[in-house]
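The structure appears below as structure tokens.
Protein chains: 2
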Amino acid sequence: MPRKSHRRRIYEDYLGRIQRGEIGRQERLVDTAIAAELGVSRMPVREALMQLAHEGYLEGTTRGFTLPSLTHEQVLEFFELRRLLEPRAVATATQALDAGSLAAMRDAVRDAESTLSSGDIMLFFRASEVFRNAWLAAVPNRELRQTIQRYLGQVQSVRMATMRDRPTHEIIVEGQRQLLDAFHRRDAVAAADRMLRFVLQAEESYLRLAPESAAR
Amino acid sequence: MPRKSHRRRIYEDYLGRIQRGEIGRQERLVDTAIAAELGVSRMPVREALMQLAHEGYLEGTTRGFTLPSLTHEQVLEFFELRRLLEPRAVATATQALDAGSLAAMRDAVRDAESTLSSGDIMLFFRASEVFRNAWLAAVPNRELRQTIQRYLGQVQSVRMATMRDRPTHEIIVEGQRQLLDAFHRRDAVAAADRMLRFVLQAEESYLRLAPESAAR
DNA sequence: AGCGCCCAAAAAGTATACTAAAATCTGATC
DNA sequence: GATCAGATTTTAGTATACTTTTTGGGCGCT
Numbered sequence: 001m002p003r004k005s006h007r008r009r010i011y012e013d014y015l016g017r018i019q020r021g022e023i024g025r026q027e028r029l030v031d032t033a034i035a036a037e038l039g040v041s042r043m044p045v046r047e048a049l050m051q052l053a054h055e056g057y058l059e060g061t062t063r064g065f066t067l068p069s070l071t072h073e074q075v076l077e078f079f080e081l082r083r084l085l086e087p088r089a090v091a092t093a094t095q096a097l098d099a100g101s102l103a104a105m106r107d108a109v110r111d112a113e114s115t116l117s118s119g120d121i122m123l124f125f126r127a128s129e130v131f132r133n134a135w136l137a138a139v140p141n142r143e144l145r146q147t148i149q150r151y152l153g154q155v156q157s158v159r160m161a162t163m164r165d166r167p168t169h170e171i172i173v174e175g176q177r178q179l180l181d182a183f184h185r186r187d188a189v190a191a192a193d194r195m196l197r198f199v200l201q202a203e204e205s206y207l208r209l210a211p212e213s214a215a216r
Numbered sequence: 001m002p003r004k005s006h007r008r009r010i011y012e013d014y015l016g017r018i019q020r021g022e023i024g025r026q027e028r029l030v031d032t033a034i035a036a037e038l039g040v041s042r043m044p045v046r047e048a049l050m051q052l053a054h055e056g057y058l059e060g061t062t063r064g065f066t067l068p069s070l071t072h073e074q075v076l077e078f079f080e081l082r083r084l085l086e087p088r089a090v091a092t093a094t095q096a097l098d099a100g101s102l103a104a105m106r107d108a109v110r111d112a113e114s115t116l117s118s119g120d121i122m123l124f125f126r127a128s129e130v131f132r133n134a135w136l137a138a139v140p141n142r143e144l145r146q147t148i149q150r151y152l153g154q155v156q157s158v159r160m161a162t163m164r165d166r167p168t169h170e171i172i173v174e175g176q177r178q179l180l181d182a183f184h185r186r187d188a189v190a191a192a193d194r195m196l197r198f199v200l201q202a203e204e205s206y207l208r209l210a211p212e213s214a215a216r
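Protein chains in written order, with the numbering used here: chain A, 1 to 216; chain B, 1 to 216.
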């Protein structure tokens, strides 16, 4: 009777939770516990969790699955990938964005701006997700898009942490404003340039906030 | 008593077969059949095959796992990724290569040159693998390396096909010669430039040999 | 109290069995 | 001869039970 398999539904459920930052760093996902909660057997749960692990969203330990613990070095490595891929990605997206995506990004930037005074970090976080997902969905190269999505899922917790920092908060909102402007003007070159600057600024923020220490 | 799990051994076994091109395009990998052959149950085999599918090395169909069937568009998308990542990757590898890797690449280029007259395509193919794996292993950025490896596994069949073409054969050997020269001189800039040209040439070869048609 | 050893609990791994869905085959009907 | 319905087979999906490995804790020893 299930049009989608249990495995697939559980996979999508937990992928969403991870991407929305709903899984704590110390939380341990164990197949038997989840299976009992959902009223299914271990196997579909186990396979869903293993799939998430294979895709880098979780880390399999000998005592349940947890969020991957990134080292300082790994975070810097992801920033190198971002520098290489994201400028090109936004450039190609600029030429493919439709009116709906542009409107969604306008709303997202407005929400993000409002959090500068309200201090609502969770809204800021969600608005940033909306903004990013909107342009990312417009990237025509599917493989490029998936590659970016893969590592973005992994650095979720790092982004979460840096976004709580006030100067970083302002930098991100300003970056989104200018990217949006470039999108509206269909200026792919400006978008690429701004995105590269954006990534470099994010890296600086990270280095300033996490000097030497383990990345979380 | 198995130090490694069945799943892991089967995974590594079939990953190797795929990467060495030992799996035919029409071949269907079915867990029950493999399990019977190996004398184990379905589950470890199933999980190994699913892991390979999650990582892009196989495609799960309703009738067993097969090699992924790439569309023309997908192949072009992978070439875009290669243009973005591989020049940077070789540049950083240039500065990290040790003597052993350099020696391995010298031997590989020598083997590849010999196949220009002998026509031994399989030796040429293996030598190219050795050459590529040698510099790839020296890329310090682990995430970058893994990203490259992921898509290289998928375009295996396309590479196989283009390498049978005589002009392409010559282009590849010449590219390897010049890359090796840059590596020896520790000239990261030259290596990056040559790799970009190499990827562009490979793309041209592909377009010439597979005009419009599905990529198999 | 500190140390190690052994045992029990927890979780991964594997085996087996059953169910569901999809593809292929078969034969009847037009 | 073509086509379609149903049966059969093949394979994926799930459930359950058993085994192995790992970990943490208790217990005795010094």
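Even for Gly, the Cβ is constructed at its ideal location relative to N, Cα and C.
- By the Cβ-count criterion, I121/A is exposed, with fewer than 16 other Cβ atoms from all chains shown falling within 10 Å of its own Cβ.
- Within the same chain, Cβ atoms closer than 7 Å to the Cβ of I171/A are found at Q201, S205, the five residues on either side in sequence being excluded.
- L200/B sits in a helix when the DSSP states are folded into three classes.
- E59/A: member of the beta strand (DSSP E) spanning 59-61, first to last residue.
- Counting the other Cβ atoms within 10 Å of the Cβ of S69/B gives fewer than 16, which makes it exposed.
- In its chain, beyond the 5 residues on either side, no residue has a beta carbon closer than 6 Å to the beta carbon of A99/B.
- If you check each beta-carbon in the region 150-175 of chain B against every beta-carbon of chain A, the ones closer than 7 Å belong to Y151.
- Annotated as proximal: A188/B and Q95/B, with beta-carbon spacing under 7 Å.
- Nearest in C-alpha terms to V109/B, of all of L85/B, W135/B, Y57/B, P87/B, is W135/B.
- Among the CB atoms of chain B, one or more fall inside 7 Å of the CB of R88/A.
- When rounded, the separation of the alpha-carbon atoms in A33/A and R177/B is 57 Å.
- Per DSSP, the unbroken alpha helix (DSSP H) holding T147/B starts and ends at 142-154.
- Around A35/A, the same chain offers S41, R42, V45 as residues with beta carbons nearer than 7 Å, after the five sequence neighbours per side are excluded.
- Note that the C-beta distance between L116/A and D165/A is not below 7 Å.
- Short of 7 Å from the beta carbon of L144/B, and not among the five residues preceding or following it, lie these beta carbons of its own chain, in chain order: L85, A89.
- The three-state secondary structure of G16/A, taken from DSSP, is helix.
- Bridge partners of F65/B according to DSSP: L29/B, G60/B.
- Taken atom to atom, the span from the alpha-carbon of Y57/B to that of L49/B is near 9 Å.
- Apart from sequence neighbours up to five positions away, the residues of its chain that approach T92/A with a beta-carbon distance below 7 Å are V139, P140, N141, ordered along the chain.
- Between Q19/A and chain B, the shortest Cβ-Cβ separation is not below 7 Å.
- Cβ-Cβ distances below 7 Å link M160/B to G21, F125 in the same chain, with the five nearest sequence neighbours on each side left out; the list follows chain order.
- Interface flag for E80/A against chain B is set, since a Cβ pair is found closer than 7 Å.
- DSSP places V139/A outside any alpha helix (DSSP H), giving it a letter other than H or E.
- Q51/A has its alpha-carbon roughly 10 Å from the corresponding atom of A53/B.
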